[in-house]
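Participant:
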Ligand SMILES: Cc1cc2nc3c(=O)[nH]c(=O)nc-3n(C[C@H](O)[C@H](O)[C@H](O)COP(=O)(O)O)c2cc1C
Ligand SMILES: [Mn+2]
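Numbering (the working numbering), first residue to last: 37 to 526.
Here it is as C-alpha cells:
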C-alpha cells in the first residue's frame, strides 16, 4: 500500500471505534494498546509525556484504567499525519495540503440528519436518576497542581477533569446549535465544574440564559470521529451551526439524535453522552488546571453543571486530550489555519501558504510565506493574519523559498533579512488570549498582550546568496566510498 493513498469516508469510518479500526488495518504503527492496569492520577500522563520526550506520538488505548471499566483513548490528534488522514489525505500530506483541503470542505455546509434512538449507537445504554455516576468514567489527573473544589466524600477525584467532551448547546434567541470543547471538573457523582473562555460562543449562549436566570441545557459528546471533530472546531461565526460544518468535513449529513432529558441533539455515533444543565446561579472554585501555554490557569469561581443522564455505547471508549501537549495544541492549531490563510490571501494575492508552528504552542506564532511582487505587501499580510486570529502574537512573513514548517529556516530569514526599526511593527495592549502568561496581568487573567509583525523577506540590494554547483548531482559513494553513510548525523 502506497504512503500517498487518499481514503474515502467509508474506509475512514464515522465513529471513534471505526477510526481506530481503520488505523489498525491501514496504519497499525499508529496505535498502541496498554492492557496492564494504569493509575488515572499522573501515571497515564507521565507515560505520555515521556513518549513525547522520545518524540513518539501514537494514539494510545489504555484498556484498563484503575477504578473504571471503560477504556481511555488518548493522543488521537497528537500527530499531524493522523489529522491529515482524518480528512482523507495521504499520511504524508503537507500542512499546506491540509489547509487547502480543509478550506474547500469548510465552505460546503451540509445540514445534519435526525435519526431515531434505535439506530443511534450512543443510546445502547441509558442511565438516568441515581444511575448517573461520572466517577465511573476514566477521567484523568494530568498535571501536579491540577485541583478544584469537590463535594465531601469525593476527595479522591480532586483534580480529575474531562478534557475532550464536545459541549453542545443552542442559542436561546436563534436556536442555532453550537459545539466547542470546554473542560469539566469532576465534583461529585452527577456534579461538574466548567470553564468556558469569555471569547467562546458557548460563553455568549450561557450568558444569555444566566441573565434571564435560566439553566442552560448542554449535552457533552465524548469520543467522536476526528473528521467530525475538525468540523466542530472550525473557526466560524456564532450564527453557523457547527453540525453543518461537521457535515461539510464528512461530505454527507452528520447523523444526530435527540437527548432523553434536554432539548439538544447529539452525534448519534458518539461513544458517550452526558446530558446536563449549567446551573443558573451556583458557582464554585474550579482549577488551577495545567493549560495550553504550558502554565496553570488560575482558580476561578465557575458555574456548576448537573448531569441528568448518561447514554453510551455498550463497548464505549472514553476519550481524553492531554492539554498543554501536542494532542491539544495541534487540534486547536489546524482548525484555525484556513481562516488565517483566507484573510492573508485577501490582503495580498502573493501569499502562498501559512503555518502556525508547534514551537509557538500552535497558537501564538504564525509564519506567512509569499512570492513577493511589491514592497509593503508583507506587512499587510501580517496585519491580515492578526485580524483573522486574535491569539496570534508574532507573525513573520518570509519569501516563497523558505520552508515555513522549519523554524530554523524562518530564523535564518529573521537573522539576515530584518532591520527591526524598518521591517517590524509592535502593537501594545491588543486583544490576545486570557491565558497568555506574558499578558499585561497574567495572574488577573488579562487578555491584553503585545503583538509583533515582522517582514523577513529579502529587501532591495540583498547580496547574492552563497551556492556551489553540483550539490544535488554529486555521487557521495564515488567520493567517499560507502563509509559516509555510517557517519553520525548531526
Ligand atoms: C483539547 C482542547 C481543550 C480545550 N479546552 C477548552 C476549555 O476548557 N475552555 C474553553 O473555553 N475552550 C477550550 N478549548 C478551545 C475551544 O474548544 C475552541 O475555541 C472552540 O472552537 C470554541 O467553540 P465556540 O466558540 O463555538 O464556543 C479547548 C480546545 C481543545 C482542542
Ligand atoms: Mn461556535
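For every residue, glycine included, the Cβ atom is placed at its ideal position computed from N, Cα and C.
This structure is a prediction, so every number in the text was calculated from the model and none was measured.
(1) Quick check: the Cα distance between residue 235 and residue 254, rounded to an integer number of angstroms?
(2) Compute every distance between the C-beta of residue 416 and the non-hydrogen atoms of ligand 2, then say whether any falls below 6 Å.
(3) One question on the structure: do residue 24 and residue 409 come within less than 7 Å of each other, judged by their Cβ atoms?
(4) Using only alpha-carbon positions, find the residue among 415, 223, 97, 42 that is nearest to residue 169.
(5) Of the choices 273, 262, 221, 208, whose alpha-carbon is the least far from that of residue 244?
(6) Given a cut-off of 7 Å on the beta-carbon distance, is the pair residue 278 and residue 215 in contact?
(7) Between residue 36 and the rest of its own chain, which residues show a CB-CB distance below 6 Å, the 5 nearest in sequence each way excluded?
(8) Could you tell me the boundaries of the beta strand (DSSP E) in which residue 108 lies?
(9) What are the boundary residues of the alpha helix (DSSP H) that residue 377 is part of?
(10) Looking at C-beta atoms only, is the number of pairs between the segment 105-120 and the segment 254-274 that lie closer than 8 Å three or more?
(11) Assign residue 204 to one of three DSSP states: helix, strand, or coil.
(12) At which residues does the alpha helix (DSSP H) containing residue 132 begin and terminate?
(13) What's the C-alpha gap between residue 294 and residue 166?
(14) Below 8 Å on the Cβ atoms is my guess for residue 438 versus residue 449; work out the distance and round it to an integer in Å.
(15) Between which two residues does the beta strand (DSSP E) carrying residue 309 extend?
(16) If you follow the alpha helix (DSSP H) that residue 444 is in, where does it begin and where does it stop?
(17) Any heavy atom of ligand 2 closer than 6 Å to the Cβ of residue 214?
(18) Below 6 Å, is the gap between the Cβ of residue 239 and the nearest heavy atom of ligand 2?
(19) Tell me which residue opens and which closes the alpha helix (DSSP H) that residue 80 is part of.
(20) Evaluate the contact criterion for the segment 267-278 versus the segment 361-372: three or more CB pairs, one atom per stretch, below 8 Å.
(21) Note down the Cα distance separating residue 123 from residue 86, rounded to an integer number of angstroms.
(22) Measure from the alpha carbon of residue 486 to the alpha carbon of each residue in 67, 478, 468, 515, then state which is nearest.
(23) Taking residue 446 and residue 489 to be in contact with their CB atoms under 8 Å, please state how far apart those CB atoms are, rounded to whole angstroms.
(24) Leaving out five residues on either side along the sequence, give the residues of the same chain with a beta carbon under 6 Å from the beta carbon of residue 473.
(25) For residue 500, count neighbouring Cβ atoms within 10 angstroms of its own Cβ and tell me buried if that reaches 16, exposed if not.
(26) Leaving out five residues on either side along the sequence, give the residues of the same chain with a beta carbon under 6 Å from the beta carbon of residue 462.
(27) Taking the C-alpha atoms as reference points, what is the distance between residue 457 and residue 400?
(28) Mind checking which residues open and close the alpha helix (DSSP H) that includes residue 427?
(29) Determine the DSSP secondary structure at residue 164, reduced to helix, strand or coil.
(30) Quick one: what's got a C-beta closer than 7 Å to residue 47's C-beta in the same chain, skipping five residues either side?
(31) Tell me, please, which residues DSSP counts as bridged to residue 325.
(32) Closer than 6 Å by C-beta to residue 318: which residues in its own chain qualify, once you throw out the five before and the five after it? Chain order, please.
(33) Determine the closest residue to residue 494 out of 388, 425, 414, with distance taken between C-alpha atoms.
(34) Flag residue 357 as yes when its Cβ comes closer than 6 Å to any non-hydrogen atom of ligand 1, and as no otherwise.
(35) Could you check if residue 515 is buried or exposed, using at least 16 other CB atoms within 10 Å of its CB as the buried criterion?
(36) Taking the alpha carbon of residue 284 as the point to measure from, which residue in 417, 325, 137 has its own alpha carbon closest?
Facilitator: On the basis of the supplied data:
(1) 18 Å
(2) no
(3) An answer regarding residue 24 cannot be provided, because it is not within the stretch 37 to 526 covered by the chain.
(4) 223 is the residue among 415, 223, 97, 42 whose C-alpha sits nearest the C-alpha of residue 169.
(5) 208
(6) yes
(7) Because the chain spans 37 through 526 in this model, residue 36 falls outside it and cannot be assessed.
(8) Segment 108-110, the beta strand (DSSP E) holding residue 108.
(9) 373-383
(10) Taking one beta carbon from each stretch, the segment 105-120 and the segment 254-274 have 3 or more pairs nearer than 8 Å; the two touch.
(11) strand
(12) 131-142
(13) 21 Å
(14) Between residue 438 and residue 449 a beta carbon distance of about 5 Å is seen, short of the 8 Å cut, so the two are scored as contacting.
(15) 308-322
(16) 443-453
(17) yes
(18) No, Cβ of residue 239 sits at least 6 Å from all heavy atoms of ligand 2.
(19) 79-89
(20) Touching, yes, given that three or more Cβ pairs across the two stretches are closer than 8 Å.
(21) 29 Å
(22) 468
(23) For residue 446 against residue 489, the beta-carbon gap comes to about 14 Å, at or over 8 Å, which does not count as contact.
(24) Excluding residues within five positions, the ones whose Cβ falls inside 6 Å are 329, 331.
(25) exposed
(26) 488
(27) 22 Å
(28) Looking at the DSSP string, residue 427 is not in any alpha helix (DSSP H), and its letter there is neither H nor E.
(29) strand
(30) 58
(31) 333
(32) 340
(33) 414
(34) yes
(35) exposed
(36) Comparing alpha carbon positions, the residue from 417, 325, 137 closest to residue 284 is 137.
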